[in-house]
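Numbering (my numbering), first residue to last: 13 to 744.
See below:
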């Protein structure tokens, strides 16, 4: 009484396999290794088989599971085994392994992710991010820095490059990073624990403890998966004025809980909790003219980044359709202190002066999608999205020379509602040619209230409101010449909504649209990318390569900037473009694999806003013209089921400039990072000895630390000195 598709879906449920229709009377059943049935042990695993090829897993960043070999997208995927073998534990390490991706180096919980050379500058102010970060389909941030979750117990990580406005909406100009956790497994009980220690040259020691337990529930109809971790990262920056060494230590602690329950043969309900706190003792910049890794401040500059998220979801099928609904509550709190003693924004008594920035963001995000079964002749996706965001910002300047005296303050409250309908369809024109068309109709509504609060000085009271609506299209033509050769061309748009400037010293003037910066309102920006790419592989799957050429046109670029007082504002700095070539490839044979990628691009600010003092010859801020990485892994079988593994990673980041501002644009970049590790492992444990920054390079990775002295001293954020670590993981 079942259709062929319904019977196959039911038969293959939970087997780690899926199917595809070769023709109406022929079916191919194929294994899906990483996405459907990931191994339960993220470090110690039962005698691993050769590493899967790039295209043997499902990609979910397309909003519906699809085999990577059939995707005409610039998408890179790191499966669970690769994440373990290369020790990718945070977003900074991910940038060294993923193509066309860089991360600023302001410190844990302060950084911005950049993809394909699209940068709006290093500052993190009111603009929305250029890269969307998602955890299991839940958007984590709006305009805050990356929460920098520790990447423990991840099933896979996908990096989707290029504007993704059609499926992901605002804040995905450069692309999307999709973090896919290992899901609760109803078929088995198990877990693991991992402990590590690290030693940094001339720095404090580091350590980390991670663990996971998976519990079947209700006779196999449900499961609960718990993950916890605590990481201590030793400092390596000295503050000579305060007489302190290794001031930039950090503690990151958190965990996740995920539960799933099969309601019946067709529907599953899932729920999850995520929580993490990052507490940094100080910033991690040094100053030119001082000894290496040294600066002189009058105050410590701590930072907290606390993140929490709760989600509830339902997924299943009815008739010939797959449905998915997720609702999440996200809470993100940030606190930063800066030493404003040398250049306070308003008159201050001599002595220590602190500038405190507190930011609390709360969001409710809900999304529902509907799509046909994988065997349908026409693949499509339809979805609806809604989010409500409230952001409360508190800025205070306090003299600490005697009794604390507040000199300046601002209290700002933002409310944002977002609505969208989106979808796409893949239309088979012939058995080899398909045309994809899609888009997103969106509306955002923003309200801003601001005033000085109880401070004696601050911005004048202000209330503003504006809306932004539009349509972000996407079109793509692909040609599947053979199972091992796919060629495509696409055009896609990304966008960000506009906003309102309010922060300024008493008497600060905000111009009307088109006047001298700062303007009261800054406009939305949009980015169009034209791209042509190819995916090719050998018949045995040992060699897989992807390459693309692209041209991006970015109009009305939003960028967070600094007023002469050191306070932040957002400007539309002009129009930019970027032309680039990217490549990624992988070779796998038995116990050996080799992966490499590079990006060559030419980011430019080709039309500067006359009201903003930018230098077009500097290009886009913080964007290198060349970046590349390579990694290799090999394993030797030993006696009694043990194995010896050797792993290496290398990355190069080319030279660039810090900002668009003609005054503050020091040169940075032009450095390499490296890691070498050896591992002894068997079916239940894994022991790894690793070394990072082997050449002990002192490089200016991202030259920014304190906004109030950025114009008066050259700030340097160096690489962490050579660090050696030892890690032991045990499974049970």
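Where is the CB? At the ideal position from N, CA and C, for every residue including glycine.
Run the proximity test for residue i: is its beta-carbon closer than 7 Å to any non-hydrogen atom belonging to the ligand GTP?
i           : result
residue 162 : You won't find the ligand GTP in this model; it holds no ligand whatsoever.
With burial defined as no fewer than 16 other Cβ atoms inside 10 Å of the residue's Cβ, what is the status of residue i: buried or exposed?
i           : result
residue 9   : In the structure as shown, the chain begins at 13 and stops at 744. Residue 9 is therefore absent and cannot be evaluated.
residue 290 : buried
residue 346 : buried
residue 248 : buried
residue 58  : With a pLDDT of only 36 at residue 58, under 50, the local geometry of the prediction cannot be trusted, and the value read off the model is given with reservation. Classification of residue 58: exposed, given that the 10 Å Cβ count is below 16.
residue 27  : exposed
residue 524 : exposed
residue 586 : buried
residue 648 : exposed
residue 745 : Outside the shown range of the chain, which is 13 to 744, sits residue 745, and nothing can be said about it.
residue 434 : buried
residue 94  : buried
residue 307 : buried
Please name the residue in the options whose C-alpha comes closest to that of residue i.
i           : options               : result
residue 509 : 477, 495, 269 and 490 : 477
residue 739 : 140, 209 and 29       : 209
residue 670 : 704, 634, 386 and 639 : 634
residue 576 : 721, 504 and 273      : 721
residue 92  : 441, 164 and 217      : 164
residue 176 : 483, 349, 325 and 101 : 483
residue 560 : 371, 531 and 84       : 84
residue 536 : 516, 566, 166 and 527 : 566
residue 18  : 42, 385, 144 and 538  : 385
residue 723 : 222, 579 and 262      : 579
residue 325 : 316, 317 and 335      : 335
residue 462 : 456, 450, 468 and 475 : 475
residue 451 : 368, 308 and 392      : 392
residue 232 : 276, 223 and 395      : 276
residue 465 : 434, 472, 438 and 422 : 422
residue 272 : 105, 228 and 363      : 228
residue 179 : 485, 136 and 301      : 485
residue 136 : 306, 147, 121 and 145 : 121
residue 225 : 235, 688 and 217      : 235
residue 156 : 708, 375 and 21       : 375
According to DSSP, which residues form a beta bridge with residue i?
i           : result
residue 433 : 396 and 453
residue 500 : 490 and 545
residue 463 : 423
residue 149 : Looking at the DSSP assignment, residue 149 forms no beta bridge with any residue, so it has no partner.
residue 268 : 239 and 286
residue 477 : 459
Leaving out five residues on either side along the sequence, give the residues of the same chain with a beta carbon under 7 Å from the beta carbon of residue i.
i           : result
residue 340 : 150, 321, 322, 323 and 377
residue 705 : 685, 686, 731, 732, 733, 734 and 735
residue 711 : 683, 730 and 731
residue 29  : 41, 42, 43 and 44
Below 6 Å CB to CB, which residues in the same chain sit around residue i once its five sequence neighbours on both sides are set aside?
i           : result
residue 220 : 208 and 243
residue 53  : Confidence is the limiting factor: at residue 53 the pLDDT is only 44, short of 50, which leaves the residue's position unreliable, though a coordinate-based value still follows. If we look at residue 53 and ignore the five residues flanking it on each side, its Cβ neighbours are 204 and 743.
residue 397 : 379 and 432
residue 610 : 595 and 640
residue 410 : 366, 416 and 418
residue 426 : 403 and 460
residue 644 : 606 and 660
residue 563 : 542 and 591
residue 699 : 692 and 740
residue 200 : none
residue 455 : 431 and 481
residue 547 : 498 and 558
residue 690 : 658 and 701
residue 294 : 259, 260, 312 and 313
residue 78  : 71
residue 725 : 299
Suppose the cutoff is 8 Å on Cβ atoms and the five residues either side in sequence are ignored; what does the same chain contact list for residue i look like?
i           : result
residue 65  : Legend: pLDDT at residue 65 = 43, less than 50; position of this residue unreliable, value from coordinates given subsequently. Same-chain partners within the cutoff: 549, 553, 554, 556, 598 and 600.
residue 330 : 278
residue 527 : 623
residue 280 : 272, 273, 274, 326, 327 and 328
Should the stretch 706-726 be regarded as contacting the stretch 184-198, the criterion being three or more beta carbon pairs within less than 8 Å?
-> In short, these stretches do not touch, since the Cβ pair count stays below three.
Just checking, does the stretch 643-661 make contact with the stretch 572-580 on the three C-beta pairs under 8 Å criterion?
-> no
Taking contact to mean at least 3 C-beta pairs separated by less than 8 Å, is the stretch 83-92 in contact with the stretch 504-523?
-> no
Should the stretch 275-289 be called in touch with the stretch 108-115, which here means at least 3 C-beta pairs below 8 Å?
-> no
Would the stretch 235-242 and the stretch 260-273 be scored as touching if the rule is three or more Cβ pairs under 8 Å?
-> Yes: the two stretches touch, three or more of their Cβ pairs being nearer than 8 Å.
Indicate whether the contact test is met: 3 or more Cβ pairs, each with one atom in the stretch 349-358 and one in the stretch 30-43, closer than 8 Å.
-> Counting C-beta pairs closer than 8 Å gives fewer than three between the stretch 349-358 and the stretch 30-43, which falls short of the contact rule.
Indicate whether the contact test is met: 3 or more Cβ pairs, each with one atom in the stretch 128-144 and one in the stretch 313-320, closer than 8 Å.
-> no
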